[in-house]
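Numbering (the working numbering), first residue to last: -15 to 158.
For every residue, glycine included, the Cβ atom is placed at its ideal position computed from N, Cα and C.
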């Protein structure tokens, strides 16, 4: 008869084969997974906020640029000797060249022509106020008009100012 040995009996306590996780190992894996998940979630949230803040800033900058171009194009179109010096209204919401006027109404800026034709209109989403101001002639700035665009960014009120200068001389009018 041949002698056979039981290998399991000889291995002892330290050499016991594992077939399942212990509770401690499972707890460590769950904790590490939770920490990694929280880190990834926090990173995604912060990048999302950063993206939307930059997108809003780009929208505001684009609207300011379009509005500035709209106002300057309208102003320069009437910058000839045949039109009088432009005038700002008392409330500062309208800029006028004789029968032609540029008017701010809440969320639109409209360029009206004489005869009641269809005005050129630009809709303002981020700009909260548009005002026109004519400096005092005593300061030697009689051909200058200041246009102020007011907007909000990150809860702060900001201003974008456009200086409009009538370059042509007024002859015989006004």
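Next item on the list: Would you kindly check if the distance between the Cβ of residue 97 and the Cβ of residue 51 is under 8 Å?
Entry: no
Checklist line | Opening and closing residue of the beta strand (DSSP E) in which residue 136 lies | finding: 128 to 137
Next item on the list: Can you give me the Cβ contacts of residue 76 inside the same chain, cut-off strictly under 7 Å, excluding the 5 residues immediately before and after it?
Entry: 115, 116 and 117
Margin query: Using only CA atoms, which one of 73, 5 and 58 lies nearest to residue 105?
Written below: 58
Item checked: Start-to-end residues for the beta strand (DSSP E) that takes in residue 86 -> 84 to 89
Note to self: Tell me the DSSP secondary structure of residue 80 in three-state form.
What the structure shows: strand
Check: What distance in whole Å lies between the Cβ atoms of residue 79 and residue 146, which are believed to be in contact at a cut-off of 8 Å?
Finding: In fact, because the Cβ distance is near 11 Å, the residues do not count as touching under 8 Å.
Check: Thinking C-alpha only, which one of 10, 4, 56 and 42 is nearest residue 86?
Finding: 56
Next item on the list: Examine the ligand ADP and report whether any of its heavy atoms sits within less than 7 Å of the Cβ of residue 104.
Entry: The ligand ADP is not part of this structure, which contains no ligands at all.
Check: Looking at the unbroken alpha helix (DSSP H) that takes in residue 9, where does it start and where does it end?
Finding: 7 to 61
Item checked: Proximity to residue 148 [Cα-Cα], best of 41, 13, 131 and 140 -> 131
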